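Below is one structure; the comments refer to it alone.
Number of protein chains: 2
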Amino acid sequence: MSTERPDDQATEDKSGDKVVTAAIIIIGNEILSGRTQDANLAYIAKGLNEVGVTLREVRVIPDVEATIVATVNELRAAFAYVFTTGGIGPTHDDITSECIAKAFGVPWVVHPEAHKHFLSFYAPAELNEARMRMATTPEGASLVYNPVSRAPGFRMGNVYVFAGIPRVMQGMFDTVKGELKGGKPMLSRTIGTALAEGVLAKSLGEIQSRYTDIEIGSYPIMRRGAFGVNLVLRGREPSRLGVAAAEVAAMVRALGDTPVEE
Amino acid sequence: MSTERPDDQATEDKSGDKVVTAAIIIIGNEILSGRTQDANLAYIAKGLNEVGVTLREVRVIPDVEATIVATVNELRAAFAYVFTTGGIGPTHDDITSECIAKAFGVPWVVHPEAHKHFLSFYAPAELNEARMRMATTPEGASLVYNPVSRAPGFRMGNVYVFAGIPRVMQGMFDTVKGELKGGKPMLSRTIGTALAEGVLAKSLGEIQSRYTDIEIGSYPIMRRGAFGVNLVLRGREPSRLGVAAAEVAAMVRALGDTPVEE
């Protein structure tokens, strides 16, 4: 099950480019209750784009052991990289770390390096049972430090286990970003128009059918109280992307509007 | 597979109360690319809380037919209600509606009421092939109107199919909210403290162990550059929630801080 070599799970996209895939598991009742707005998905997604890794799926699940274990095992087998956020603190509801150990079928043990790390700023009396939980990881995990908080996340196989607090999570992601082995970065171009989707749909579909290596999305938005559309082109070849974007811009002009490139 | 009676999938929580469950499927490459920040999860989650429905899982998936069909079928069998957002417009990348038909194994056909609805504001010549796609639904679907856009969403069995644009999605959700059959609403109390989680973890865990019908979460936050913690208690019985919240507040005082009730 363990995939130390993410390349094994690379697949190809329509242009024949290697695609390295990823999934995110957002763990936390506070997101599912609507109380807290997730901010980690977009940060990780953008970072993955930069290193040529494609985010394929995100799941938001509660702090329930069976659900966490099953979800981690399903997704780490299906994608090259998995990132989890949330549930690695010292309180009773922080169960992610133990669940990762169960998912990998390894013991959950004090990590000597993490223990030493915590002893560098806690007196032994302060390093209570709760805090020792944060120095405990699945056997074989490697630590992921961050510049914001004292508690590290960790990596276990192809699973990166991060904190839920956005600033801390971002620090952890930035720490490991350089070690991710992706393909060609995904590039994008955005063309805005006030045309209705129903007016441009046919021509846009025709362009899409001629550019199978470019993914063209049409996203209606509210702009100053009126509907507008962002036409987003994504692809890995700058020259092809430029040609396709020029066609989309020409289409907007032919339909009587002035395209706005972001 | 179709579950016209959501009560069939009600389960019980630890206090013996009926729990009616739900899942959300956020469909769209623009969320997975990190380009667009989802705003629909929190809105639906809060609305479900109010009518006593518990959101158990959220998935964000790409505009890929096989993925949409499989995810819809997995989740509509596992949860009382499923809400999808995104992919119901007129452009080539809007494939949700056809995928719902495939998931239910029914034809995708022009909906007479939707057709009539569109003819009330489009001249026949304007009601082109692309726009007719928005008048086409899985056979047996009922329409869900909204006050913001002309295009309706729809309901098919226990699956509600909504737009992705937040204001439109909100209008659709508000339209159907009254017809959802939930249990007792989930109530919450929040107590803020500047104590470190490592300091309060043991006492908090002891309180949690005595209130099995209350879910106690500890959520560290950054407050004015310093870490703080929100202790959130959730439960369906106001009196029990009040007693548990008073215990948590007393715990914070005993540990030397002044609790801040939101």
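Those protein sequences? They're chains A and B, same order as listed.
With the first sequence counted from 1, adding 144 to any position gets you this note's numbering.
With the second sequence counted from 1, adding 144 to any position gets you this note's numbering.
No residue lacks a Cβ here, since even glycine has one placed at the ideal position from N, Cα and C.
Just so it is clear, the structure is predicted and the values come from calculations on it, not from any experiment.
- Within the DSSP secondary-structure output, N374 of chain B pairs in a beta bridge with B:G336, B:Y363.
- Proximity of chain A to S241 of chain B at the Cβ level (cut-off 7 Å) is not reached, the minimal Cβ distance being about 14 Å.
- Between K162 of chain A and D182 of chain B, the alpha-carbon positions lie close to 28 Å from each other.
- Within the region 298–320 of chain B, the residues whose Cβ lies closer than 7 Å to any Cβ of chain A are, in chain order, I309, R311.
- Shown in chain order are the members of the region 269–292 of chain B whose Cβ falls below 9 Å from a Cβ of chain A: E270, L271, N272, E273, A274, R275, R277, M278, V292.
- Under the Cβ criterion (8 Å, minimum of three pairs), the region 307–318 of chain A does not count as touching the region 270–284 of chain A.
- Boundaries cannot be given for K328 of chain A, as no alpha helix (DSSP H) includes it and DSSP labels it neither H nor E.
- Taking C-beta separations shorter than 6 Å and ignoring five residues to either side along the sequence, the partners of K246 of chain B in its chain run V213, following chain order.
- Contacts with chain A (Cβ-Cβ distance below 9 Å) from the region 218–240 of chain B involve G233, P234, T235, H236, D237, D238, listed in chain order.
- By the neighbour-count definition (other C-beta atoms within 10 Å, threshold 16), E174 of chain A is a buried residue.
- Of the residues B:G178, B:L287, B:V292, the one whose Cα lies closest to the Cα of A370 of chain A is B:V292.
- Contact of L331 of chain B with chain A by beta-carbon distance below 7 Å is absent, the smallest such distance being about 11 Å.
- For the region 191–207 of chain A, the residues whose beta carbon sits under 7 Å from a beta carbon of chain B are, in order, N193, L199, R200, E201, V202, R203, V204, I205, P206.
- Taking the Cβ atoms as the reference, P329 of chain B lies roughly 5 Å from G196 of chain B, within the contact range of under 8 Å.
- Bridge pairing for F298 of chain B: B:L287, B:V305 [DSSP].
- Between the alpha carbons of A221 of chain A and F306 of chain A lies a gap of roughly 19 Å.
- Here F317 of chain A is buried. Its C-beta has 16 or more other C-beta atoms within 10 Å.
- Residue environment: L263 of chain A is assigned as exposed (fewer than 16 neighbouring CB atoms within 10 Å of its CB, all protein chains considered).
- C-alpha of V250 of chain A to C-alpha of G178 of chain A: approximately 34 Å in a straight line.
- If you look at A394 of chain B, you'll find it in the alpha helix (DSSP H) that goes 382–398.
- Cβ contact annotation for L375 of chain B (same chain, cutoff 6 Å, sequence separation greater than five): I335, S362, V392, in chain order.
- For K328 of chain B, no CB of chain A lies under 7 Å from its own CB, so it is not counted at the interface with that chain.
- Note on geometry: alpha-carbon atoms of V396 of chain B and Y355 of chain B lie some 17 Å from one another.
- Contact annotation: A189 of chain B and L199 of chain B have beta-carbon atoms nearer than 7 Å.
- Secondary structure at F317 of chain A: helix, using DSSP grouped into helix, strand and coil.
- Put simply, of B:T229, B:T180, B:I169, B:L185 the residue whose alpha carbon is nearest the alpha carbon of L176 of chain A is B:L185.
- No Cβ-Cβ contact shorter than 7 Å links L377 of chain B with L339 of chain B.
- Residues of the region 171–184 of chain B whose Cβ lies closer than 9 Å to any Cβ of chain A, in chain order: G172, N173, E174, I175, L176, S177, G178, R179, T180, Q181, D182, A183.
- Between T235 of chain A and V254 of chain A, the gap from beta carbon to beta carbon reaches 7 Å or more.
- In the structure shown, the three-state DSSP call for F223 of chain B is coil.
- Counting every other CB atom within 10 Å of its CB across the protein chains shown gives T402 of chain B a total below 16, marking it as exposed.
- In the same chain as F298 of chain A, and ignoring 5 residues on each side of it, the C-beta atoms closer than 6 Å to its own belong to T281, A285, L287, V288, V305, in chain order.
- The C-beta of K346 of chain A comes closer than 7 Å to at least one C-beta of chain B.
- Straight-line spacing of the CA atoms in E201 of chain A and I205 of chain B works out to 5 Å.
- In the three-state scheme derived from DSSP, where H, G and I count as helix and E and B as strand, R368 of chain B is classed as coil.
- Bridge partners of T229 of chain A according to DSSP: A:I170, A:F306.
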